[in-house]
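Asker:
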Amino acid sequence: MQQGYGNRGDGANGSVSLSYQGGYANSNMGYNYSRGARQLNYGLSGGIVIHEEGLTLSQPLSDTNVLIAAPGTRHARVENTTGVRTDRKGYTVLPYATTYRQNRIALDVNSLDNATEIDDPVTRVVPTKGALVKAQFTVQRGARAMITLQQYNGRPVPFGAMVTRANAGSGIVNESGQVYLSGLEGAGALTVMWGTAPDQQCTVRYRLPAGAEQKPINHIKAACQ
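Here's what the structure looks like:
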């Protein structure tokens, strides 16, 4: 912002300008005034990328760009950028990538809600000149829970047991017979194995309390069946 006053009868004069860098575009606005004159100017610039999953709006594109794909996130912030966040489909574009070198792409896990977790929030890509390279992230969408598991005899499931779900992530039981899992539905089944013998594996059915997705973590107990 600038302001002045002429000493030869010119009167007051000044200017003010604003700029904004958003995930979908950059915008700016300016206002100038002087004796007998007023001027307002504004501008909007951005980019559009069409890819196999649809259309993504972005900041102005460069020669080499990175398409960040994290479906399941919404407004996840890209680290070391200004205003770059994923859209409602989980996509965004990072312009001005460095060619023929590793580009570190990281999502800020602190910008995620309680129902979203990324298996690995950091990836690296090496784009060629003029390329649109894809940085893919695996996202778990659902509730988070620390589940205490019990065997048929009431004892804790042994340390190191593997816990798996159909078409989802897995976990390993800790020394206290607990396993941490994310992306959980309200109810479901888990397969637990700590050996090959029939009495060293079982199925556990769990049910989470109401509103589980809004909690940072849920603590429940479940027994082998």
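Going by our numbering, the first residue of the sequence shown is number 11, and it counts up by one from there. Every residue gets a Cβ at the ideal spot worked out from N, C-alpha and C, and that includes glycine.
#1: Can you tell me where the beta strand (DSSP E) with glutamine 235 in it begins and where it stops?
#2: Would DSSP call alanine 176 helix, strand or coil?
#3: CA-CA distance, threonine 108 and alanine 145?
#4: Please report how far the alpha carbon of tryptophan 204 lies from the alpha carbon of phenylalanine 147, in whole angstroms.
#5: Go ahead and label aspartate 129 buried or exposed: buried means 16 or more other beta carbons lie within 10 angstroms of its beta carbon, across all protein chains shown.
#6: Determine, using beta-carbon pairs with one atom in the region 81-98 and one in the region 119-129, whether at least three such pairs fall under 8 Å.
#7: In terms of alpha-carbon separation, which member of Asn90, Asn163, Ala155, Arg151 lies closest to asparagine 177?
#8: From valine 5 to glutamine 235, what does the alpha carbon distance come to, in whole angstroms?
#9: How big is the Cα-Cα spacing for arginine 200 and tyrosine 162?
#10: What separation, rounded to the nearest whole angstrom, lies between the Cα atoms of asparagine 184 and glycine 170?
Answerer: In short, the structure shows the following:
#1: Within the sequence shown, the letter at position 225 stands for residue 235. Annotation: glutamine 235 is outside any beta strand (DSSP E) and is labelled neither H nor E by DSSP.
#2: On the sequence shown, position 166 is the one that residue 176 refers to. Alanine 176 falls in the coil class under three-state DSSP.
#3: Against the sequence shown, residue 108 aligns to sequence position 98. Against the sequence shown, residue 145 aligns to sequence position 135. Looking at the backbone, the Cα of threonine 108 and that of alanine 145 are separated by about 14 Å.
#4: The sequence position of residue 204 within the sequence shown is 194, counting from 1. The sequence position of residue 147 within the sequence shown is 137, counting from 1. Roughly 30 Å separates the two Cα atoms.
#5: As a position in the sequence shown, residue 129 is number 119, starting the count at 1. It counts as exposed.
#6: The region 81-98, when compared against the region 119-129, does touch it at the 8 Å Cβ threshold.
#7: Here residue 177 refers to the residue found at position 167 of the sequence shown. Nearest C-alpha to asparagine 177: Arg151.
#8: Examination of residue 5 is not possible in this model, given that the chain is present from 11 through 235 alone.
#9: Here the question's residue 200 lines up with position 190 in the sequence shown. Here the question's residue 162 lines up with position 152 in the sequence shown. Inspection of the sequence shows that residue 200 is occupied by leucine rather than by arginine. Whole-angstrom Cα-Cα distance: 15 Å.
#10: Numbered from 1 along the sequence shown, position 174 holds the residue referred to as residue 184. Numbered from 1 along the sequence shown, position 160 holds the residue referred to as residue 170. Approximately 6 Å, taken between the alpha carbons.
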